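Residue numbers (my numbering), protein chains in the order written: chain A, 129 to 468; chain B, 129 to 468.
Positions of the beta carbon are idealized from the N, C-alpha and C atoms, including for glycine.
Fair warning: this is a prediction, and the values are worked out from it, not measured in the lab.
Report on the following structure.
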């Protein structure tokens with residue numbers, strides 16, 4: 129049974145192993161990082177990469193009182209969202225005091241006496257006492273590869289829906305395997321605790337002589353960055369374009385509760401649907417409090433294969449403390465319907 | 129077009145129109161009630177009926193400093209929930225300081241000088257300066273009945289899925305019509321703003337020459353009572369029994385966020401599923417903050433006709449600020465699966 133997880137991607141440049149450069153990938157490293165921050169000697173942090181880990185670390189270090197810069201190659205942070213939605217996350221980060229350098233590429237480190245002094249991008253040099261790498265992860269499948277187990281997308285171990293590898297009696301689950309995307313109907317790689325947990329359960333049942341299957345994922349993810357919750361499911365615009373599908377998209381702004389209710393907060397919902405059929409392809413939500421958790425409605429609808437014209441009458445819950453009369457998700461669905 | 133709404137049920141006893149007895153059904157009455165409470169002459173309130181309106185008024189009057197008693201005929205308040213879940217709502221009310229008289233029937237009023245002095249039940253007399261009636265509503269269809277428009281369940285106007293009545297060129301929508309229940313596949317009456325709003329849109333489109341349909345409801349409702357959110361969808365146990373279906377049910381307790389995350393609150397989820405097929409029949413949720421809004425996952429699954437064994441791998445969102453690794457809804461689904 130391969131349950132070897134994933135390893136963080138480290139840049140292949142000189143000095144990448146110098147003191148002061150951290151991957152934030154193991155408990156041991158987190159404890160070490162915590163001790164160093166407690167000494168209050170680090171003043172300036174640079175985060176390389178604006179994905180989930182990079183953003184969560186940017187928030188954490190800002191809260192610890194450091195001056196934080198974040199470098200992101202793309203137009204906006206959180207590139208698993210479309211850039212119009214990612215822009216809302218960039219805004220939240222800047223409001224929290226993080227200095228963002230977008231559309232800027234990491235080049236290498238300025239290291240002296242085996243300690244990092246600065247991060248060098250294609251546009252500037254940023255002095256730093258501490259650097260956090262948030263460049264994503266890759267499946268930890270060196271051993272599987274050496275053993276001749278067939279690998280798939282991003283070198284994740286190929287498995288069937290019972291979590292069997294292509295080699296008899298060898299199983300695999302978690303961040304080290306290739307998954308199947310139920311919306312694109314294609315192999316897919318995702319490293320998430322919730323998926324790993326479900327796959328592990330299925331592998332365990334089957335290894336123990338039972339019979340369970342893991343059909344795949346719809347690409348759901350959620351994160352909290354500063355005060356803002358961010359979630360996504362299904363395919364984002366660039367993924368849909370790669371599949372060559374014609375699609376419509378709509379973005380609406382609404383409130384998490386009835387407008388007149390205390391603590392009603394802004395929520396922005398994006399819906400992507402196939403142009404002719406209206407089939408839901410994906411959704412993205414940004415908003416305070418638990419707003420982003422509404423993504424589960426869209427995730428469930430993706431599992432059902434619903435078109436937006438079927439979703440318009442979803443009997444979602446409404447009372448003023450919980451939602452406007454039309455749930456923001458349904459407002460977005462209704463707008464998308466007008467475009468198909 | 130009949131859009132005549134619903135009227136609150138008033139008890140057919142002498143003195144029911146006396147001063148101090150309110151239905152809390154119109155804005156005018158609410159404003160009057162507010163003025164009276166501002167005078168601070170009322171000290172003791174009695175609420176008759178433990179449904180949504182009764183409970184929300186019990187909370188509101190308690191917050192205004194009145195001593196509040198509530199009379200409920202059933203074993204627990206909120207009888208659209210099964211009594212094991214309703215008990216959690218009863219608890220929340222009692223914690224907020226409401227005195228509950230359960231399994232007790234309203235008989236009549238003690239009225240002197242055309243002003244209510246007490247509420248009399250089958251077990252006691254409860255002195256009161258003010259009485260709120262929360263006995264539910266009935267469709268306001270006197271006019272429709274006189275006009276010979278066919279009525280259905282609870283005298284709601286019978287309509288097709290285009291919101292046409294059985295009489296040509298006559299339409300109806302909202303709290304005055306009979307709806308269709310997509311889980312029981314039977315006519316159903318429900319008076320809720322969200323349903324009325326959707327039906328009104330469909331009627332309007334069709335009257336205007338367009339073509340839209342309203343397929344029906346799955347019985348979703350949500351409310352906030354004191355600190356606790358309460359929601360339900362689909363069929364409750366007694367409705368399933370009335371249909372003669374064999375079913376399993378499971379209740380789980382979990383947390384709204386990762387257990388170690390600040391402000392993780394208790395959440396209780398109940399799932400009801402058909403015994404042989406595993407088809408989801410209903411769900412109920414009680415919990416603080418936005419916990420109860422998770423009912424939308426189950427409502428969407430009911431629209432899809434999912435069985436619990438299909439739901440187990442729903443790709444729901446997880447990050448510590450939003451959920452345990454297994455969403456509480458999925459924990460309940462997993463437990464239900466073991467019983468089918």
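With residue i as the anchor, note down where its beta strand (DSSP E) starts and where it stops.
i	result
residue 394/A	394 to 402
residue 474/B	In the structure as shown, chain B starts at 129 and stops at 468, and residue 474/B therefore has no counterpart that could be examined.
residue 380/B	375 to 383
residue 217/B	Careful: residue 217/B lies outside any beta strand (DSSP E), inside the alpha helix (DSSP H) at 211 to 223.
residue 261/A	258 to 261
residue 412/B	408 to 415
residue 352/A	349 to 353
residue 228/A	227 to 230
residue 341/B	Element bounds for residue 341/B: n/a, residue is neither H nor E.
residue 176/B	172 to 176
residue 252/A	Here residue 252/A belongs to no beta strand (DSSP E), and DSSP marks it neither H nor E.
residue 200/B	195 to 200
I'd like the span of the alpha helix (DSSP H) that includes residue i, first residue to last.
i	result
residue 166/B	155 to 166
residue 555/A	What is shown of chain A runs 129 to 468, which leaves residue 555/A out entirely.
residue 249/B	Counting along the chain, residue 249/B falls outside any alpha helix (DSSP H), though it belongs to the beta strand (DSSP E) covering 243 to 249.
residue 330/A	321 to 335
Which value, in whole angstroms, describes the spacing of the CA atoms of residue i and residue j?
i	j	result
residue 294/A	residue 223/B	58 Å
residue 152/A	residue 137/A	11 Å
residue 370/A	residue 207/A	15 Å
residue 419/A	residue 147/B	44 Å
residue 171/B	residue 259/B	11 Å
residue 303/A	residue 309/A	15 Å
residue 281/A	residue 135/A	15 Å
residue 448/A	residue 162/B	19 Å
residue 385/A	residue 429/A	22 Å
residue 362/B	residue 409/B	6 Å
residue 199/B	residue 265/B	17 Å
residue 187/B	residue 372/B	37 Å
residue 155/A	residue 261/A	15 Å
residue 459/B	residue 247/A	45 Å
residue 166/B	residue 416/B	30 Å
residue 444/B	residue 140/B	49 Å
residue 469/A	residue 463/A	Because chain A spans 129 through 468 in this model, residue 469/A falls outside it and cannot be assessed.
residue 176/A	residue 190/A	15 Å
residue 214/A	residue 377/A	15 Å
residue 381/B	residue 456/B	8 Å
residue 284/B	residue 452/B	43 Å
residue 254/B	residue 221/A	57 Å
Could you check whether the Cβ of residue i sits closer than 8 Å to any Cβ belonging to chain A?
i	result
residue 442/B	yes
residue 162/B	no
residue 423/B	yes
residue 345/B	yes
residue 359/B	yes
residue 388/B	no
residue 427/B	yes
So, for residue i: in the same chain, excluding its five sequence neighbours on each side, which residues have a beta-carbon less than 8 Å away from its beta-carbon?
i	result
residue 217/B	183, 204, 205, 206, 209, 353, 356, 358, 414
residue 368/A	375, 400, 409, 410
residue 329/A	340
residue 388/A	448
residue 312/A	363, 367, 371
residue 404/A	374, 468
Is the shortest distance between the beta-carbon of residue i and the beta-carbons of chain B less than 8 Å?
i	result
residue 176/A	no
residue 454/A	yes
residue 342/A	yes
residue 133/A	no
residue 218/A	no
residue 130/A	no
residue 269/A	no
residue 368/A	no
residue 350/A	yes
residue 325/A	yes
residue 391/A	no
Starting from the C-beta of residue i, find all residues in its chain whose C-beta is less than 7 Å away, skip the five residues before and the five after it, and write them out in chain order.
i	result
residue 323/A	307, 345
residue 319/B	134, 265, 303
residue 289/B	341, 342, 343
residue 180/B	351
Leaving out the 5 sequence neighbours to the left and right, which residues in its chain are closer than 6 Å to residue i when beta-carbon positions are compared?
i	result
residue 424/B	none
residue 143/A	237, 239
Answer yes if the region 423 to 441 of chain B comes into contact with the region 390 to 400 of chain A, meaning at least three C-beta pairs across the two stretches below 8 Å, and no otherwise. Segments in contact, no.
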